[in-house]
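The next block holds one structure in the form of structure tokens; read it before the comments.
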Amino acid sequence: MSDNKTAQDDIERRGRAIRERIDAALDRSGRARGSATLVGITKGRSAPEIAAAVRAGFGVLGESRPQEFREKYSMLADLDLAIEWHFVGRLQPNKVKLVVGYCSLVHSVDDLDLARALSERSRSMDIVTPVLVQVNASGEKSKSGVAPEDAPDLIESIAGMDGLAAKGLMTMAPDAEDPEEVRPVFAATADLARTVEAKLGLPLPELSMGMTGDFEVAVEEGATLVRVGRALFE
Ligand SMILES: *Cc1c(COP(=O)(O)O)cnc(C)c1O
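Add 6 to the 1-based position in the sequence shown for my numbering, that's all there is to it.
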């Protein structure tokens with residue numbers, strides 16, 4: 007067996023194991039199979055590794071660095087694979103041209119200037135960019151994201167902007183030895199989404215929560231998108 011074949015088999019096996027764990031978490035919480043999507047996070051991964059993941063059936067990808075995003079986008083575009091790109095990382099307003107028009111969801115909108123820049127760029131391209139508002143639900147200073155109490159206003163502003171469609175919330179939990187420790191962070195984010203939905207009368211169906219160390223707990227608390235890097239690629 008060639009090394010390529012081995013690498014392909016490995017990623018297929020790891021991806022299938024993650025999907026099984028997602029399904030089990032959906033079953034435990036009485037949710038429908040298929041209601042949580044695995045987003046493979048590609049930061050630091052090579053184009054061949056990413057292509058292997060897509061060929062193994064994991065074609066929803068997320069990148070967290072704008073420049074790297076565009077380089078990978080271009081390299082993989084040549085391979086004629088079915089890829090749905092998301093952008094999940096910190097984004098400066100002056101970098102929006104690198105992502106708008108190239109991804110189907112921006113997970114990480116956390117201030118008004120960024121929202122305005124995304125809106126303006128989207129309008130200039132005559133497209134609508136779906137976005138999530140990133141919430142700092144744990145209050146950790148090192149984490150990006152809007153404070154939970156400021157999320158309703160930001161979502162309301164976005165809902166009023168041409169070129170953007172607010173789809174839900176994203177959060178990153180603090181690192182924890184035991185994922186049970188961060189369950190309250192995910193539960194609070196899910197609660198916040200329901201509160202904002204009721205307040206604004208705007209459906210917010212997507213919840214982007216959970217990474218390699220905590221995605222099962224996130225799914226149990228309502229995640230519809232789990233962002234997994236290490237468990238898929240390592
Ligand atoms: C890197 C990254 C992830 C994936 O983290 P893993 O622990 O490798 O699963 C998810 N979300 C964001 C925003 C990231 O930057």
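Beta carbons: idealized from backbone N, C-alpha and C, even for Gly.
* **Cutoff 6 Å; reference Pro180; Cβ partners in own chain excluding five residues on either side** => Mapped onto the sequence shown, residue 180 falls at position 174. Excluding sequence neighbours, Pro180 sits near Ser144 and Glu146.
* Asked: Would you say the beta carbon of Lys101 comes nearer than 7 Å to a heavy atom of ligand 1?
  -> To locate residue 101, count along the sequence shown from 1; it is residue 95. Lys101: no, Cβ never under 7 Å from ligand 1.
* **Distance between Ala83 and Thr243 (C-alpha atoms, nearest Å)** => What the structure shows of the chain is the stretch from 7 to 240, and residue 243 is not part of that stretch, so it cannot be assessed.
* Compute the Euclidean distance between the alpha carbons of Glu18 and Val60, then round it to the nearest angstrom. => Here the question's residue 18 lines up with position 12 in the sequence shown. Here the question's residue 60 lines up with position 54 in the sequence shown. Cα-Cα distance, rounded: 9 Å.
* Asked: Below 8 Å between beta carbons: does that hold for Gly65 and Leu87?
  -> Locating residue 65 in the sequence shown gives position 59, where the first residue counts as 1. Locating residue 87 in the sequence shown gives position 81, where the first residue counts as 1. Yes, Cβ-Cβ distance for Gly65 and Leu87 is below 8 Å.
* Asked: Using DSSP with H/G/I as helix, E/B as strand and the rest coil, what is Glu183?
  -> Position 177 of the sequence shown holds residue 183. In this structure, Glu183 counts as coil in the three-state DSSP scheme.
* Beta-carbon proximity of Gln14 to Ala58, cut-off 8 Å -> On the sequence shown, residue 14 is found 8 positions in, with the first residue counted as 1. On the sequence shown, residue 58 is found 52 positions in, with the first residue counted as 1. Yes, the pair counts as a contact, with Cβ atoms nearer than the cut-off.
* Please find out if some non-hydrogen atom of ligand 1 comes closer than 7 Å to the beta-carbon of Arg236. => As a position in the sequence shown, residue 236 is number 230, starting the count at 1. Arg236: yes, Cβ under 7 Å from ligand 1.
* Asked: In terms of residue numbering, what span does the beta strand (DSSP E) encompassing Leu213 cover?
  -> Numbered from its first residue, the sequence shown carries residue 213 at position 207. Per DSSP, Leu213 belongs to the beta strand (DSSP E) from Glu212 to Ser214.
* Report the rounded CA-to-CA distance for Val202 versus Val188, giving the unit in angstroms. => One-based indexing of the sequence shown puts residue 202 at position 196. One-based indexing of the sequence shown puts residue 188 at position 182. So the alpha carbons of these two residues sit roughly 22 Å apart.
* Backbone secondary structure at Glu227 - three-state DSSP -> Position 221 of the sequence shown, counting from 1, holds the residue named residue 227. Three-state DSSP puts Glu227 in coil, outside helix and strand.
* Residues near Val102 in its chain [Cβ-Cβ closer than 7 Å; skip 5 each side] -> Numbered from its first residue, the sequence shown carries residue 102 at position 96. Counting only Cβ-Cβ distances below 7 Å, and skipping sequence neighbours, we find Ala123, Leu124 and Arg127.
* From what residue to what residue does the beta strand (DSSP E) around Pro136 run? -> Counting from 1 along the sequence shown, the entry for residue 136 is found at position 130. Segment Thr135 to Val141, the beta strand (DSSP E) holding Pro136.
* Asked: Which term fits Thr177, buried or exposed, when burial requires 16 or more other beta carbons within 10 angstroms of its beta carbon?
  -> Position 171 of the sequence shown, counted from the start, is the residue given in the question as residue 177. That one is buried.
* Contacting residues, own chain, Cβ-Cβ under 6 Å from Ile47 (five flanking each side not counted) -> What you label residue 47 is simply residue 41 of the sequence shown in a count that begins at 1. Answer for Ile47: Gly68, Arg233 and Gly235, listed in chain order.
* **Distance CB(Lys173)-CB(Glu212) smaller than 8 Å** => Position 167 of the sequence shown, counted from the first residue, corresponds to residue 173. Position 206 of the sequence shown, counted from the first residue, corresponds to residue 212. Contact flag set, yes.
* Asked: Any idea which residues DSSP pairs Ile17 with across the strands?
  -> For the purposes of this step, residue 17 is taken as residue 11 along the sequence shown, with counting starting at 1. Ile17 is not bridged to any residue.
* To do: Leaving out five residues on either side along the sequence, give the residues of the same chain with a beta carbon under 7 Å from the beta carbon of Arg129.
  => Numbered from 1 along the sequence shown, position 123 holds the residue referred to as residue 129. Cβ within range, chain order: Asp168 and Gly169.
* **Other residues of its chain near Arg96: CB distance less than 8 Å, five sequence neighbours each side excluded** => Residue numbering aside, residue 96 sits at position 90 when the sequence shown is read from its first letter. Same-chain partners within the cutoff: Ser70, Ser114 and Ser150.
* Asked: Nearest to Gly50 by CA position, among Arg25, Thr43 and Lys78, is which residue?
  -> Here the question's residue 50 lines up with position 44 in the sequence shown. Comparing Cα-Cα distances from Gly50 to each of Arg25, Thr43 and Lys78, the minimum goes to Lys78.
* Within the present structure, is the beta-carbon of Arg51 separated from the nearest heavy atom of ligand 1 by less than 7 Å? -> Counted from its first residue, the sequence shown places residue 51 at position 45. Arg51 Cβ: outside cutoff for every heavy atom of ligand 1.
* To do: Look at Ala182 and Asp220 and say whether their C-beta atoms are less than 8 Å apart.
  => Within the sequence shown, numbered from 1, the residue matching residue 182 stands at position 176. Within the sequence shown, numbered from 1, the residue matching residue 220 stands at position 214. Going by C-beta atoms, Ala182 is nearer than 8 Å to Asp220.
* To do: Compare the Cα-Cα distances from Thr135 to each of Ser35, Val105, Val152 and Ala157 and report the closest residue.
  => By one-based count along the sequence shown, residue 135 stands at place 129. Of the candidates Ser35, Val105, Val152 and Ala157, the one whose C-alpha sits nearest the C-alpha of Thr135 is Val105.
* Straight-line CA distance for Pro54 to Phe239? -> On the sequence shown, position 48 is the one that residue 54 refers to. On the sequence shown, position 233 is the one that residue 239 refers to. Looking at the two C-alpha atoms, the distance is approximately 11 Å.
* Asked: Can you round the beta-carbon distance between Ser214 and Leu198 to whole angstroms, since I take them to be within the 8 Å contact cut?
  -> Translated into positions along the sequence shown, residue 214 becomes position 208. Translated into positions along the sequence shown, residue 198 becomes position 192. With 8 Å as the limit, Ser214 and Leu198 do not qualify as a contact, their Cβ atoms being about 13 Å apart.
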